Amino acid sequence: MVPIMDPDSWTLLQSIVVFSICALVIAIAGTRITRVVDQLADRTGLGEATAGAVLLGAATSLSGAVLSVTAAYQGHPELAVSNALGGIAVQTFFLAIADIVYRRANLEHAAASAPNMMQNGLLIALLALILLAPSLPDVTLWNIHPVTPILLGFYFYGTRLIQSAGDNPMWRPSITRETREDEPETKNQLASMSRLWTEFTVLMATLGVAGLVMEPAATTISSEAGLSQTIVGVLLTAISTSIPELVTSIAAVRQGALTLAVAGIIGGNAFDTLFMAASDIAYRDGSLYHTMTADSERWVALTLLMSAILIMGLIRRERYGVGRIGAESLAIMVLYGLGVVLMFTG
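This is the structure:
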(Lines of atoms letter the chains of each structure in order from A; the text may use other names.)
(Lines give C-alpha, C1' and ligand atoms only; values in the text may rest on other atoms or scores of the structure.)
Protein backbone atom coordinates (compact mmCIF):
# COMPACT_ATOMS: atom_id res chain seq x y z
CA MET A 1 0.00 0.00 0.00
CA VAL A 2 1.39 3.41 -1.03
CA PRO A 3 1.56 5.90 1.85
CA ILE A 4 -0.72 8.81 0.86
CA MET A 5 1.68 11.57 1.92
CA ASP A 6 4.91 9.95 0.73
CA PRO A 7 5.37 11.24 -2.83
CA ASP A 8 8.81 9.62 -3.09
CA SER A 9 7.12 6.21 -3.27
CA TRP A 10 4.71 7.22 -6.03
CA THR A 11 5.30 6.53 -9.71
CA LEU A 12 4.42 9.09 -12.39
CA LEU A 13 1.38 7.05 -13.45
CA GLN A 14 0.11 6.74 -9.87
CA SER A 15 0.55 10.47 -9.39
CA ILE A 16 -1.37 11.29 -12.56
CA VAL A 17 -4.23 8.99 -11.52
CA VAL A 18 -4.40 10.48 -8.00
CA PHE A 19 -4.16 14.01 -9.43
CA SER A 20 -7.00 13.31 -11.90
CA ILE A 21 -9.27 11.81 -9.23
CA CYS A 22 -8.70 14.81 -6.98
CA ALA A 23 -9.48 17.20 -9.85
CA LEU A 24 -12.75 15.31 -10.52
CA VAL A 25 -13.74 15.41 -6.84
CA ILE A 26 -13.03 19.15 -6.74
CA ALA A 27 -15.19 19.72 -9.83
CA ILE A 28 -18.16 17.76 -8.45
CA ALA A 29 -18.04 19.25 -4.96
CA GLY A 30 -17.51 22.73 -6.39
CA THR A 31 -20.58 22.42 -8.62
CA ARG A 32 -22.83 21.47 -5.73
CA ILE A 33 -21.52 24.06 -3.30
CA THR A 34 -22.63 26.91 -5.61
CA ARG A 35 -26.30 26.00 -5.17
CA VAL A 36 -25.86 25.71 -1.41
CA VAL A 37 -24.18 29.14 -1.12
CA ASP A 38 -26.85 30.74 -3.33
CA GLN A 39 -29.48 29.49 -0.88
CA LEU A 40 -27.47 30.56 2.16
CA ALA A 41 -27.08 34.04 0.63
CA ASP A 42 -30.87 34.40 0.54
CA ARG A 43 -31.65 32.67 3.84
CA THR A 44 -29.04 34.46 5.95
CA GLY A 45 -29.55 37.88 4.36
CA LEU A 46 -25.86 38.14 3.49
CA GLY A 47 -26.61 38.79 -0.18
CA GLU A 48 -24.89 37.25 -3.17
CA ALA A 49 -21.92 39.65 -3.14
CA THR A 50 -20.89 38.96 0.46
CA ALA A 51 -21.79 35.26 0.35
CA GLY A 52 -19.87 34.89 -2.91
CA ALA A 53 -16.81 36.64 -1.53
CA VAL A 54 -16.72 35.02 1.90
CA LEU A 55 -18.52 31.66 1.75
CA LEU A 56 -18.13 30.63 -1.88
CA GLY A 57 -14.73 32.27 -2.28
CA ALA A 58 -13.31 30.58 0.81
CA ALA A 59 -14.92 27.18 0.15
CA THR A 60 -13.92 26.83 -3.49
CA SER A 61 -10.42 28.11 -2.69
CA LEU A 62 -9.83 25.66 0.16
CA SER A 63 -8.30 22.90 -1.95
CA GLY A 64 -5.78 25.35 -3.39
CA ALA A 65 -5.04 26.81 0.04
CA VAL A 66 -4.36 23.39 1.54
CA LEU A 67 -2.13 22.48 -1.40
CA SER A 68 -0.03 25.68 -1.11
CA VAL A 69 0.34 25.41 2.67
CA THR A 70 1.29 21.73 2.44
CA ALA A 71 3.83 22.45 -0.30
CA ALA A 72 5.40 25.26 1.76
CA TYR A 73 5.57 23.07 4.88
CA GLN A 74 7.17 20.25 2.87
CA GLY A 75 9.87 22.65 1.64
CA HIS A 76 8.52 23.31 -1.87
CA PRO A 77 8.06 27.11 -1.85
CA GLU A 78 8.07 27.44 -5.65
CA LEU A 79 5.04 25.14 -5.93
CA ALA A 80 3.27 26.93 -3.07
CA VAL A 81 3.78 30.37 -4.62
CA SER A 82 2.99 29.41 -8.24
CA ASN A 83 -0.15 27.55 -7.20
CA ALA A 84 -1.42 30.55 -5.23
CA LEU A 85 -0.60 33.21 -7.80
CA GLY A 86 -1.47 31.05 -10.81
CA GLY A 87 -4.86 30.33 -9.25
CA ILE A 88 -5.69 34.04 -9.00
CA ALA A 89 -4.72 34.60 -12.64
CA VAL A 90 -6.66 31.64 -14.04
CA GLN A 91 -9.76 32.48 -11.98
CA THR A 92 -9.78 35.98 -13.46
CA PHE A 93 -9.56 34.28 -16.87
CA PHE A 94 -12.54 32.10 -15.87
CA LEU A 95 -14.61 35.23 -15.30
CA ALA A 96 -14.08 36.08 -18.97
CA ILE A 97 -15.32 32.58 -19.85
CA ALA A 98 -18.45 33.21 -17.76
CA ASP A 99 -18.98 36.43 -19.73
CA ILE A 100 -18.97 34.37 -22.94
CA VAL A 101 -21.60 32.02 -21.47
CA TYR A 102 -23.93 34.88 -20.49
CA ARG A 103 -25.41 36.01 -23.79
CA ARG A 104 -27.94 38.68 -22.73
CA ALA A 105 -25.30 41.35 -22.11
CA ASN A 106 -21.72 41.81 -20.96
CA LEU A 107 -21.28 40.43 -17.47
CA GLU A 108 -19.50 43.62 -16.37
CA HIS A 109 -22.65 45.54 -17.23
CA ALA A 110 -25.21 43.15 -15.77
CA ALA A 111 -23.43 42.41 -12.46
CA ALA A 112 -22.04 45.85 -11.58
CA SER A 113 -22.41 46.63 -7.89
CA ALA A 114 -20.61 48.56 -5.17
CA PRO A 115 -19.53 45.38 -3.27
CA ASN A 116 -18.08 43.79 -6.42
CA MET A 117 -16.06 46.92 -7.14
CA MET A 118 -14.89 47.08 -3.52
CA GLN A 119 -13.81 43.42 -3.68
CA ASN A 120 -11.79 44.13 -6.80
CA GLY A 121 -10.15 47.12 -5.14
CA LEU A 122 -9.25 44.96 -2.15
CA LEU A 123 -7.75 42.33 -4.45
CA ILE A 124 -5.58 44.93 -6.20
CA ALA A 125 -4.29 46.21 -2.83
CA LEU A 126 -3.45 42.69 -1.62
CA LEU A 127 -1.66 41.79 -4.85
CA ALA A 128 0.35 45.02 -4.62
CA LEU A 129 1.49 44.03 -1.12
CA ILE A 130 2.63 40.63 -2.40
CA LEU A 131 4.52 42.24 -5.29
CA LEU A 132 6.14 44.71 -2.88
CA ALA A 133 7.25 42.07 -0.35
CA PRO A 134 10.31 40.67 -2.24
CA SER A 135 11.80 44.18 -2.47
CA LEU A 136 11.56 44.69 1.29
CA PRO A 137 14.32 43.54 3.70
CA ASP A 138 14.46 39.78 4.13
CA VAL A 139 13.68 39.83 7.85
CA THR A 140 11.36 37.52 9.76
CA LEU A 141 9.97 37.09 13.25
CA TRP A 142 9.49 33.41 14.14
CA ASN A 143 10.16 32.77 10.42
CA ILE A 144 7.21 34.97 9.43
CA HIS A 145 7.71 38.02 7.22
CA PRO A 146 6.03 41.31 8.40
CA VAL A 147 3.93 41.44 5.21
CA THR A 148 2.02 38.32 6.32
CA PRO A 149 0.13 39.88 9.28
CA ILE A 150 -0.44 43.01 7.17
CA LEU A 151 -2.04 40.87 4.44
CA LEU A 152 -4.29 39.14 6.96
CA GLY A 153 -5.32 42.38 8.66
CA PHE A 154 -5.95 44.19 5.39
CA TYR A 155 -8.10 41.30 4.12
CA PHE A 156 -10.39 41.23 7.15
CA TYR A 157 -10.64 45.02 7.28
CA GLY A 158 -11.48 45.09 3.57
CA THR A 159 -14.14 42.41 4.03
CA ARG A 160 -15.85 44.61 6.63
CA LEU A 161 -15.81 47.53 4.21
CA ILE A 162 -17.35 45.35 1.50
CA GLN A 163 -20.16 44.29 3.84
CA SER A 164 -20.77 47.95 4.65
CA ALA A 165 -20.84 48.84 0.95
CA GLY A 166 -23.53 46.19 0.48
CA ASP A 167 -25.65 47.27 3.45
CA ASN A 168 -25.35 51.04 2.99
CA PRO A 169 -23.98 51.76 -0.49
CA MET A 170 -22.89 55.33 -1.21
CA TRP A 171 -22.84 54.53 -4.92
CA ARG A 172 -25.30 52.56 -7.06
CA PRO A 173 -25.10 51.51 -10.73
CA SER A 174 -27.77 52.74 -13.12
CA ILE A 175 -30.46 50.08 -13.51
CA THR A 176 -31.05 48.95 -17.10
CA ARG A 177 -33.04 46.11 -18.65
CA GLU A 178 -29.89 43.98 -18.64
CA THR A 179 -28.99 44.67 -15.00
CA ARG A 180 -29.59 41.67 -12.76
CA GLU A 181 -30.04 42.76 -9.14
CA ASP A 182 -29.51 40.51 -6.14
CA GLU A 183 -33.00 39.55 -5.02
CA PRO A 184 -33.85 36.58 -2.75
CA GLU A 185 -35.66 33.75 -4.52
CA THR A 186 -38.62 32.02 -2.93
CA LYS A 187 -37.42 28.62 -4.15
CA ASN A 188 -34.42 29.04 -1.86
CA GLN A 189 -36.65 28.92 1.23
CA LEU A 190 -37.28 25.17 1.07
CA ALA A 191 -34.26 23.51 2.69
CA SER A 192 -33.66 23.91 6.42
CA MET A 193 -30.77 26.08 7.61
CA SER A 194 -29.17 23.20 9.51
CA ARG A 195 -29.20 21.05 6.38
CA LEU A 196 -27.67 23.83 4.28
CA TRP A 197 -24.86 24.51 6.76
CA THR A 198 -24.17 20.79 7.16
CA GLU A 199 -23.96 20.28 3.41
CA PHE A 200 -21.75 23.35 3.05
CA THR A 201 -19.36 22.06 5.75
CA VAL A 202 -19.14 18.57 4.22
CA LEU A 203 -18.49 19.92 0.73
CA MET A 204 -15.90 22.37 2.02
CA ALA A 205 -14.10 19.58 3.92
CA THR A 206 -14.14 17.44 0.75
CA LEU A 207 -12.45 20.21 -1.21
CA GLY A 208 -9.82 20.58 1.52
CA VAL A 209 -8.97 16.87 1.58
CA ALA A 210 -8.71 16.81 -2.22
CA GLY A 211 -6.17 19.64 -2.08
CA LEU A 212 -4.19 17.83 0.63
CA VAL A 213 -3.91 14.64 -1.46
CA MET A 214 -3.18 16.55 -4.66
CA GLU A 215 0.02 18.18 -3.35
CA PRO A 216 2.24 15.06 -3.22
CA ALA A 217 0.88 14.00 -6.61
CA ALA A 218 1.84 17.37 -8.10
CA THR A 219 5.30 17.22 -6.53
CA THR A 220 5.93 13.80 -8.04
CA ILE A 221 4.65 14.86 -11.47
CA SER A 222 7.05 17.81 -11.37
CA SER A 223 10.10 15.69 -10.52
CA GLU A 224 9.28 12.64 -12.65
CA ALA A 225 8.18 14.56 -15.76
CA GLY A 226 11.09 17.01 -15.55
CA LEU A 227 8.80 20.07 -15.27
CA SER A 228 9.55 23.07 -13.08
CA GLN A 229 7.35 23.51 -10.03
CA THR A 230 6.29 26.90 -11.43
CA ILE A 231 4.88 25.28 -14.57
CA VAL A 232 3.20 22.54 -12.53
CA GLY A 233 1.82 25.11 -10.10
CA VAL A 234 0.48 27.55 -12.70
CA LEU A 235 -0.77 25.11 -15.34
CA LEU A 236 -1.67 21.97 -13.36
CA THR A 237 -2.46 22.54 -9.70
CA ALA A 238 -3.71 26.14 -10.05
CA ILE A 239 -6.10 25.23 -12.87
CA SER A 240 -7.20 21.96 -11.21
CA THR A 241 -7.87 23.52 -7.81
CA SER A 242 -9.62 26.43 -9.54
CA ILE A 243 -12.07 24.19 -11.38
CA PRO A 244 -14.77 24.98 -8.75
CA GLU A 245 -14.52 28.68 -9.62
CA LEU A 246 -15.06 27.93 -13.32
CA VAL A 247 -17.91 25.51 -12.63
CA THR A 248 -19.55 27.71 -10.02
CA SER A 249 -19.31 30.91 -12.06
CA ILE A 250 -20.89 29.26 -15.12
CA ALA A 251 -23.54 27.55 -12.95
CA ALA A 252 -24.32 30.85 -11.20
CA VAL A 253 -24.62 32.66 -14.55
CA ARG A 254 -27.02 30.02 -15.85
CA GLN A 255 -29.07 30.30 -12.65
CA GLY A 256 -29.21 34.07 -13.10
CA ALA A 257 -27.13 34.71 -9.97
CA LEU A 258 -24.79 37.13 -11.74
CA THR A 259 -23.63 38.99 -8.65
CA LEU A 260 -22.74 35.64 -7.06
CA ALA A 261 -20.79 34.63 -10.18
CA VAL A 262 -18.66 37.77 -10.18
CA ALA A 263 -18.30 37.96 -6.39
CA GLY A 264 -17.34 34.29 -6.19
CA ILE A 265 -14.43 34.84 -8.57
CA ILE A 266 -13.20 38.20 -7.26
CA GLY A 267 -13.83 37.25 -3.63
CA GLY A 268 -12.11 33.93 -4.19
CA ASN A 269 -9.13 35.76 -5.69
CA ALA A 270 -8.89 38.05 -2.65
CA PHE A 271 -9.07 35.00 -0.39
CA ASP A 272 -6.39 33.29 -2.50
CA THR A 273 -3.90 36.02 -1.64
CA LEU A 274 -4.07 34.64 1.91
CA PHE A 275 -2.50 31.43 0.50
CA MET A 276 0.72 33.42 0.50
CA ALA A 277 0.25 34.51 4.11
CA ALA A 278 -0.62 31.00 5.31
CA SER A 279 2.19 29.46 3.26
CA ASP A 280 4.68 31.96 4.69
CA ILE A 281 3.67 30.84 8.17
CA ALA A 282 4.04 27.18 7.17
CA TYR A 283 7.41 27.74 5.45
CA ARG A 284 10.17 27.19 8.01
CA ASP A 285 13.20 28.43 6.06
CA GLY A 286 12.56 32.18 6.18
CA SER A 287 10.45 34.52 4.07
CA LEU A 288 8.35 32.79 1.41
CA TYR A 289 8.06 36.07 -0.51
CA HIS A 290 11.80 36.14 -1.10
CA THR A 291 11.64 32.75 -2.83
CA MET A 292 9.43 34.21 -5.58
CA THR A 293 10.85 33.68 -9.07
CA ALA A 294 10.70 36.16 -11.96
CA ASP A 295 7.82 34.09 -13.42
CA SER A 296 5.84 34.40 -10.19
CA GLU A 297 6.36 38.16 -10.00
CA ARG A 298 5.31 38.45 -13.65
CA TRP A 299 2.05 36.64 -12.86
CA VAL A 300 1.34 39.07 -10.02
CA ALA A 301 1.90 42.02 -12.37
CA LEU A 302 -0.32 40.49 -15.07
CA THR A 303 -3.06 39.73 -12.55
CA LEU A 304 -2.89 43.29 -11.25
CA LEU A 305 -3.37 44.50 -14.82
CA MET A 306 -6.28 42.10 -15.41
CA SER A 307 -7.95 43.19 -12.17
CA ALA A 308 -7.53 46.87 -13.05
CA ILE A 309 -9.11 46.24 -16.46
CA LEU A 310 -11.98 44.38 -14.79
CA ILE A 311 -12.75 47.19 -12.34
CA MET A 312 -12.74 49.68 -15.21
CA GLY A 313 -15.19 47.41 -17.01
CA LEU A 314 -17.49 47.34 -13.99
CA ILE A 315 -17.46 51.15 -13.98
CA ARG A 316 -17.74 51.66 -17.75
CA ARG A 317 -20.47 48.99 -18.08
CA GLU A 318 -20.39 48.40 -21.81
CA ARG A 319 -23.65 46.60 -22.67
CA TYR A 320 -22.51 44.65 -25.71
CA GLY A 321 -19.12 43.99 -27.20
CA VAL A 322 -17.99 42.12 -30.29
CA GLY A 323 -19.96 38.89 -30.33
CA ARG A 324 -21.61 40.07 -27.07
CA ILE A 325 -18.30 39.62 -25.26
CA GLY A 326 -17.00 42.55 -23.25
CA ALA A 327 -13.82 44.27 -24.43
CA GLU A 328 -12.48 43.79 -20.89
CA SER A 329 -13.05 40.04 -21.08
CA LEU A 330 -11.17 39.85 -24.37
CA ALA A 331 -8.27 41.81 -22.86
CA ILE A 332 -8.16 39.52 -19.82
CA MET A 333 -8.02 36.41 -22.02
CA VAL A 334 -5.21 37.90 -24.12
CA LEU A 335 -3.19 38.82 -21.02
CA TYR A 336 -3.58 35.35 -19.52
CA GLY A 337 -2.48 33.77 -22.79
CA LEU A 338 0.52 36.13 -22.86
CA GLY A 339 1.47 34.99 -19.36
CA VAL A 340 1.45 31.33 -20.42
CA VAL A 341 3.57 32.07 -23.51
CA LEU A 342 6.11 34.11 -21.53
CA MET A 343 6.42 31.32 -18.96
CA PHE A 344 7.82 29.02 -21.65
CA THR A 345 9.74 31.59 -23.70
CA GLY A 346 10.62 34.40 -21.27
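Quick note on numbering: the sequence shown equals residues 1 to 346 in the UniProt record's numbering.
Glycine is no exception: its CB is placed at the ideal position from the N, C-alpha and C atoms.
From a predicted model like this one, the values you see are computed outputs, not experimental measurements.
Counting along the chain, S329 sits inside the alpha helix (DSSP H) bounded by residues 327 to 345. The C-alpha of W142 is placed about 26 Å away from the C-alpha of G208. Distances from the CA of M204 to each of A27, I239, S222 were compared; the closest alpha carbon is that of A27. If you draw a 10 Å sphere on the C-beta of F271, you find 16 or more other C-beta atoms in it, and that means buried. Of the residues V69, T293, I266, I243, the one whose Cα lies closest to the Cα of S279 is V69. Secondary structure at L305: helix, using DSSP grouped into helix, strand and coil. Residue burial annotation: A251 is buried, with at least 16 other C-beta atoms found within 10 angstroms of its C-beta. G30 counts as buried, since at least 16 other C-beta atoms from the protein chains shown sit within 10 angstroms of its C-beta. The Cβ atoms of L151 and E297 lie no closer than 8 Å to each other. For L227, no alpha helix (DSSP H) encloses it, and the DSSP letter there is neither H nor E.
The C-alpha of S223 is placed about 45 Å away from the C-alpha of I315.
In the structure shown, L127 falls within a helical segment according to DSSP collapsed to helix, strand and coil. Q91 places its beta carbon less than 8 Å from that of N269.
The Cβ neighbour count for N168, taken over all protein chains shown within 10 Å, is under 16; the residue is labelled exposed. Note: I144 is bridge-paired with L141 in the DSSP secondary-structure output. Between H290 and D138, the C-beta spacing is below 8 Å. Counting the other CB atoms within 10 Å of its CB gives T11 a total below 16, which places it among the exposed residues. In the three-state DSSP reduction, R284 falls in the coil class, being neither helix nor strand.
Here N269 carries a helix assignment [DSSP, helix/strand/coil]. The Cβ-Cβ distance between L338 and G233 does not fall below 8 Å. Y336 sits buried, since 16 or more C-beta atoms from the chains shown fall within 10 Å of its C-beta. By the criterion of a C-beta distance shorter than 8 Å, G211 is surrounded in its chain by C22, I26, L62, S63, G64, A65, V66, L67, T70, T241, once the five residues flanking it on both sides are discounted. Shown here, S15 sits in a helix according to DSSP, grouped into three states. Assignment of M193 by DSSP, reduced to helix, strand and coil, places it in the helix class. Comparing C-alpha distances from W299 to each of L342, I309, S228 shows the shortest one belongs to L342. Counting of Cβ neighbours within 10 angstroms places T198 among the exposed residues, the total staying below 16. Distance from the CA of L258 to the CA of Q74, rounded to the nearest whole angstrom, comes to 39 Å. Counting only runs of 3+ residues, no beta strand (DSSP E) is found wholly inside the region 19 to 100. The alpha-carbon separation between I231 and S329 amounts to approximately 24 Å.
Residue environment for Y157: exposed (fewer than 16 other C-beta atoms within 10 angstroms of its C-beta). Distance from the CA of A263 to the CA of I33, rounded to the nearest whole angstrom, comes to 15 Å. Linking P244 to S307 through their CA atoms gives a straight-line distance of about 20 Å.
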